[in-house]
Structures are given as C-alpha cells and as structure tokens.
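Let me begin by presenting the structure, written as structure tokens, before commenting on it.
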C-alpha cells in the first residue's frame with residue numbers, strides 16, 4: 001500500500017514538473033531570464049543557477065550561439081566561408097574588432113563559440129578581477145592572434161591545432177584604464193598583485209573556454225594564455 005502511494009506521488013510530481021516546464025516554455029508562466037531554462041544566454045547578465053547549462057547548450061547550437069553573440073556587446077562582422085592562408089578551411093567565423101568596453105590589440109577571426117566565450121570571460125571574470133585587484137577596468141586585451149594554419153606546437157607529427165580553424169586565441173596581456181600593463185611576464189611573482197590577478201584571469205578563462213593553457217603548462221606557453229573551444233577540457 002505504501003509503495004503504491006509513493007508511486008502515485010512520484011507520478012504526480014513528474015506530471016506537475018512536466019506541466020510547469022511546458023507552461024514556462026509556452027510563456028504561460030514568465031520567469032526571470034536567469035531562472036528560465038528556455039531563455040537565451042546573456043553573457044552580460046549576472047550569473048544564475050542555469051548559467052553554466054545555458055553556456056554549454058549555446059556553445060553546441062549554432063543558432064543559439066549566433067543569437068547570444070549578437071547581444072554580447074562584441075563588435076564583429078560575419079565572414080564568408082573560405083580557405084585561409086595555408087589551405088585551412090574557415091567556416092562560420094566572424095571578425096572581431098572590439099567590445100563595448102575593451103579594445104583588442106588587433107582584430108581577429110573567431111568561431112562563434114570562441115567569440116562568445118571571450119565575451120563571457122570579459123564580463124563574468126576579467127573585469128571583476130581587474131576591479132577587485134586594481135580598482136580599474138581593463139581597457140585593452142593584447143593577443144598574438146587566433147587563426148594560424150598549423151599543427152599543435154608547430155610539429156609535423158601532431159594533430160591540427162584549434163588555431164587552424166580560428167577556434168583558439170593566445171592572450172598575452174591586459175592594459176587597464178589608467179594605462180597600467182599586466183603581462184604574463186609577471187606570472188612567476190605569484191604573491192604580487194599582478195601575479196594574483198593573472199591567476200584569477202586563468203581561473204576565469206578555465207570557466208569560460210574548453211581549454212586554457214598558461215605558464216604552468218609548459219615553456220611554450222610562458223608568455224601567453226592559450227584558450228580554445230576544442231573538444232578537450234583542460235585547465236593548466
């Protein structure tokens with residue numbers, strides 16, 4: 001008897017959850033965006049309990065990614081599919097020039113997931129870290145490029161790099177509103193404000209991109225953070 005009652009309660013709860021979910025999906029019940037699983041990702045909004053789920057879903061859905069990128073604050077233009085220098089194919093990429101608050105050291109090509117990840121990183125982690133560490137916002141991100149038709153580590157016997165599809169970018173430094181410049185050369189001074197800031201930047205990057213590689217990974221990454229939206233989850 002008790003088992004039957006429990007079974008009915010479970011079924012009733014499941015039916016209620018389905019009905020509630022449909023009501024939210026059909027907009028009969030309107031939830032705040034941060035609590036609505038069907039609302040698009042807004043990288044500028046405060047994080048909520050569904051943010052990580054929305055980020056993952058958006059990165060794996062081209063239409064959702066395009067829609068979220070359009071409201072991200074990045075300034076970009078869509079590029080036609082093409083074969084880049086070196087023969088690597090560029091598909092569904094954009095050319096990013098700046099964001100609302102940040103200039104880049106040079107425009108760069110990026111897949112939608114990479115561009116959106118960078119916007120998410122800027123709003124959720126980079127700017128908060130700069131404000132906490134220096135009381136200043138980041139005005140400029142320095143990088144050494146995204147697209148490069150090559151294999152991993154420039155080796156002939158390795159797999160094609162995420163750079164070969166503009167799905168990666170190498171970040172080398174950050175310039176604050178007051179002109180201060182923080183580069184990866186400060187990484188080894190871990191106890192300094194710059195060293196602490198750079199470690200917060202890395203942790204934020206690890207939460208924004210699939211792969212983040214920095215000075216702790218190997219000597220090849222001593223001067224930059226490599227971030228990409230490739231198939232592997234790595235934070236080093």
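In the UniProt record's numbering, the protein residues as written are 1 to 236.
Quick reminder that beta carbons are idealized off the backbone N, C-alpha and C, glycines included.
DSSP three-state assignment for residue i, whether helix, strand or coil
i	result
residue 65	helix
residue 47	coil
residue 140	strand
residue 149	coil
residue 173	strand
residue 88	coil
residue 198	helix
residue 78	strand
Closest residue to residue i among the options (Cα-Cα distance)
i	options	result
residue 137	180, 159 and 91	180
residue 130	41, 200, 95 and 111	200
residue 147	115, 132, 126 and 134	115
residue 91	112, 156 and 170	112
residue 186	43, 177 and 172	172
residue 110	100, 38, 75 and 165	165
Closer than 7 Å: residue i CB and nearest the ligand ADP heavy atom
i	result
residue 204	Among the components of this structure there are no ligands whatsoever, and the ligand ADP is therefore not found.
Any C-beta of chain B under 8 Å from that of residue i
i	result
residue 50	Any reference to chain B falls outside this structure, which holds one protein chain only.
Check whether residue i and residue j have beta carbons under 8 Å apart
i	j	result
residue 195	residue 210	no
residue 208	residue 117	yes
6 Å Cβ shell around residue i - same chain, five flanking residues per side excluded
i	result
residue 58	41, 64, 65 and 68
residue 193	133
Close beta carbons around residue i, own chain, < 7 Å, minus the five adjacent residues each side
i	result
residue 216	236
For the stretch 116 to 130 against the stretch 77 to 85, do three or more pairs of beta-carbon atoms, one drawn from each stretch, fall closer than 8 Å, so that the two count as touching? Contact between the stretch 116 to 130 and the stretch 77 to 85 is absent, because fewer than three Cβ pairs lie under 8 Å.
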